[in-house]
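Notes follow the structure.
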Amino acid sequence: MPSSFVCTDCGFETGKWSGKCPNCGSWSTLKESSRLIGKNKQGTHILHTNKPEKIVKISGVSDARMNTGNAELDLVLGGGIVSGMLILIGGEPGIGKSTLMLQLAEWLGKSGKKVLYCSGEESAAQIHMRSKRLQVSSENILLLCTNDTEHIIDSIEDEEPALAIVDSIQSISLSSIDSIPGSITQLREST
């Protein structure tokens, strides 16, 4: 079964290699991906997925949610944070996304949970100043300033935090991918 090819500029995926991406027109950007593909009846390439299963028969799923310490945030998250959940916080620059994430780290830290705050944009000094302003005092918050996805993953595996915050996902990158931080390919592979 053939591999797929992914454009490092736009993230377009195809089953056939070409020198030029048919989606964005960039040259030499289609790289082989480890994801296997097949063809449907119309001959169009499709990705293979798991077999369907009855939703009521799925076992090993916990309903436990981690309360954030903020009733409004818990409400938005459907009752809190589910283990393994990926949450993307979006908004205009300066609206308070980083402040909210540092407050979230404090709320969880005060409840005894370990939080790893990874910053790819700001220095430790900048985050420390914000934490002073917000009166963040929990000993359970760890800070990692890096824009290297592999370093973040290693730190998560080593520290095993209850929550890992990456601020911001568009500033980190995998060295194995030949595209700039924030590109569609980097975002997809880093999440």
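Numbering (this note's numbering), first residue to last: 253 to 443.
Glycine included, every Cβ here is placed at the ideal spot set by N, Cα and C.
query, result
"So which of Gln-422, Asn-322, Arg-382 and Cys-276 has the shortest CA-CA distance to Thr-401?", "Gln-422"
"According to DSSP, is Gln-438 helix, strand or coil?", "helix"
"What span of residues does the alpha helix (DSSP H) with Leu-352 cover, start to end?", "349-362"
"For the beta strand (DSSP E) holding Val-367, just list the boundary residues, first then last.", "367-371"
"Go to Asp-419, then tell me how far its beta strand (DSSP E) extends in each direction, as first and last residue.", "415-419"
"Take Leu-352 and list the residues in its own chain whose beta-carbon comes closer than 6 Å to its own, dropping the five residues that flank it on each side.", "none"
"Determine whether the beta carbon atoms of Thr-443 and Thr-260 lie at a separation below 7 Å.", "no"
"Touch check for the stretch 410-427 and the stretch 340-358: three-plus C-beta pairs under 8 Å?", "yes"
"In its own chain, which residues sit with a C-beta less than 7 Å from the C-beta of Ser-270, not counting the 5 before and 5 after it?", "Leu-282"
"Leaving aside the five residues before and after Gly-331 along the sequence, list all residues of the same chain whose C-beta is less than 7 Å from its C-beta, in chain order.", "Arg-317"
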